[in-house]
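Okay, so here's the structure we're looking at.
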Amino acid sequence: MAKRYVLACLAAVAVAVGANAKELQQLNNGIRVTPIKVAPAKMVDGQVVFGEWQNYSEPVAGCFGAEHWDGFDPDSTGFPEDEDGCGLGSARWFFGPSYCNGAATNDMNDATAGAQSTFTNFSWYWYCGGSGSEQCIIAVFTGEDFTTGCGGFGGFYSGVGYDFGSIGCNPGGYYYTNVDLTGSGLFHQMPNDGDGVYQVIYLTTGNAPATCAQPMLWGNGAGRPGTSGEEQWDDDNPRDSAYQAEECYSYAYGLCPDPLGASQSFGDGTDNCGGGGSCASDGCNGNESLKASARAKGCGCQVKGVLKNATPGAVYGIQLPSGQCVQTAANNRGKAKAKECPSVSGNVSVPTCGLSRAVNCP
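Going by the numbering used here, the residue at position 263 of the sequence shown is 278; the numbering climbs one at a time, nothing skipped.
Here's what the structure looks like:
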């Protein structure tokens, strides 16, 4: 079968899911890391291309939602737990420290249809060459199409790149992250009907393929949002930034949870972060003013709201045209900002302060 680049829609192939000879193991000791920078990501001629990188800051709310689709299973602090009753605690499945997988693609079913996810959690093993450290860049994409029976996938949206800087190789545990994109203008688009695909790609310096990495494995269950089938595509045979028919595997091992898949979740934090609905602020001093603008960028229409004369340190809820609520603290100059891309024409508002401005996308 001819090769196809990782994000390309694979041509349909009549290939049964073969037996997976990879040996599963359990690994405990989750090590939390936080991205240094984030950026929009897209695929151009089979290569991941990143837009403008921006510094990443921990969310003011300090919470990590996973309510749109959850194959990670975080507790209220973002730490991996085991609501499925598997008796594994924070341990996760993987194929041993030296197994290498350049990218993993799996189905995502019964997600919140059409939602924009500003929260994500995921975990991975970073082997590199077995010692030392290596720059870790992970690109995550979502899309519309995943055909069972190893039929292929496609319809991807723009994704997000996460740069973790140089992290230790073969650390004796796995890495995990909880990311809140609120205020960055970035998000992961959930499938229009709730059924689609997600993909994670491991890169290093110069956007080259990582020396050796793999996703940690978990699944859906215990009433957590979403379901997943048994098939996953792994770029491991050969590991060449492309998929071939024999790289579609069954992850129905009869273990717990079952089936397994690349450990990933998407959410918006509205259930445990006070966002959404009311889009509340700490309070208003009466002197605030709001400016809003819209302009064309590579990601589409970018809408930005800037609140001035705000109380430094106070958290303000800024509602964007998509309905997303960004709760952000005013800096020492009394400014609070929020943006999203792609966005639409509509209103930017600070409901608690009674402020609203209309924007029109070019």
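Even for Gly, the Cβ is constructed at its ideal location relative to N, Cα and C.
In this text, all values refer to a predicted model and were calculated from it rather than measured experimentally.
With a 10 Å radius around the Cβ and a threshold of 16 neighbouring Cβ atoms, Asn300 comes out exposed.
In the three-state reduction of the DSSP assignment, Gly338 falls in the coil class. In this structure Gly361 does not touch Ala329 by the C-beta definition: roughly 25 Å separates them, more than the 8 Å allowed. Three or more Cβ pairs closer than 8 Å define a contact, and the stretch 127–142 meets that threshold against the stretch 273–283. Per DSSP, reduced to three states, the secondary structure at Ala260 is helical. The stretch 208–227 and the stretch 144–161 touch, with three or more beta-carbon pairs separated by less than 8 Å. Ranked by Cα distance from Leu39, the options Val64, Tyr114, Asp85 are led by Tyr114. DSSP places Asn222 in the helix class (H, G or I) of the three-state scheme. Take Asp249, set aside five residues on each side of it, and the residues of its chain with a beta-carbon closer than 7 Å to its own are Asn116, Ala119, Glu262, Tyr264, in chain order.
Cβ neighbours of Gln69 within its own chain (closer than 8 Å, five residues either side excluded): Lys52, Val53, Ala54, Ser199. In this structure, the beta-carbon distance from Met231 to Ala126 does not fall below 8 Å. In summary, Ala311 is exposed, with fewer than 16 beta-carbon neighbours lying within 10 Å of its beta-carbon over all protein chains present.
Taking a contact as a CB-CB distance under 8 Å, the pair Ile333 and Val374 does not count as one, their CB atoms being some 13 Å apart.
Annotated three-state conformation of Cys368 is helix, per DSSP. A straight-line Cα-Cα distance of about 7 Å links Cys143 and Ala225. Counting C-beta atoms within 10 angstroms of its own C-beta, Glu67 has fewer than 16 neighbours from the protein chains shown and is therefore classed as exposed. In this structure, Asn222 is the residue among Asp251, Pro253, Asn222, Ser132 with its C-alpha nearest to the C-alpha of Val63. Met58: member of the beta strand (DSSP E) spanning 52–59, first to last residue. No residue range can be given for Glu98, since it is assigned to no beta strand (DSSP E) and is classified by DSSP as neither H nor E. Closest in C-alpha terms to Met58, from the list Val175, Thr92, Gly104, comes Val175.
Across the structure, Ala345 and Ser148 are spaced so that their CA atoms are roughly 36 Å apart. Residue environment for Asp251: buried (at least 16 other C-beta atoms within 10 angstroms of its C-beta).
When the alpha-carbon of Asn302 is set against those of Thr326, Val318, Tyr217, the nearest one is in Thr326.
Here Thr133 really is in contact with Leu196; their C-beta atoms are around 4 Å apart, less than 8 Å. Residue burial annotation: Ala237 is exposed, with fewer than 16 other C-beta atoms found within 10 angstroms of its C-beta. Less than 8 Å separates the beta-carbon of Ile152 from that of Asp178.
The C-alpha of Phe87 is placed about 6 Å away from the C-alpha of Trp233. Boundaries cannot be given for Ser296, as no beta strand (DSSP E) includes it and DSSP labels it neither H nor E. Residue nearest to Ser304 within the set Lys323, Gly180, Cys316, Ser256 is Lys323 (criterion: CA-CA distance). When DSSP reads this structure, Asn346 sits in no beta bridge, so it has no partner. Around the beta carbon of Thr343, 16 or more other beta carbons lie within 10 angstroms, which makes this residue buried. For Val175, the three-state secondary structure derived from DSSP is strand. Secondary structure at Met231: coil, using DSSP grouped into helix, strand and coil.
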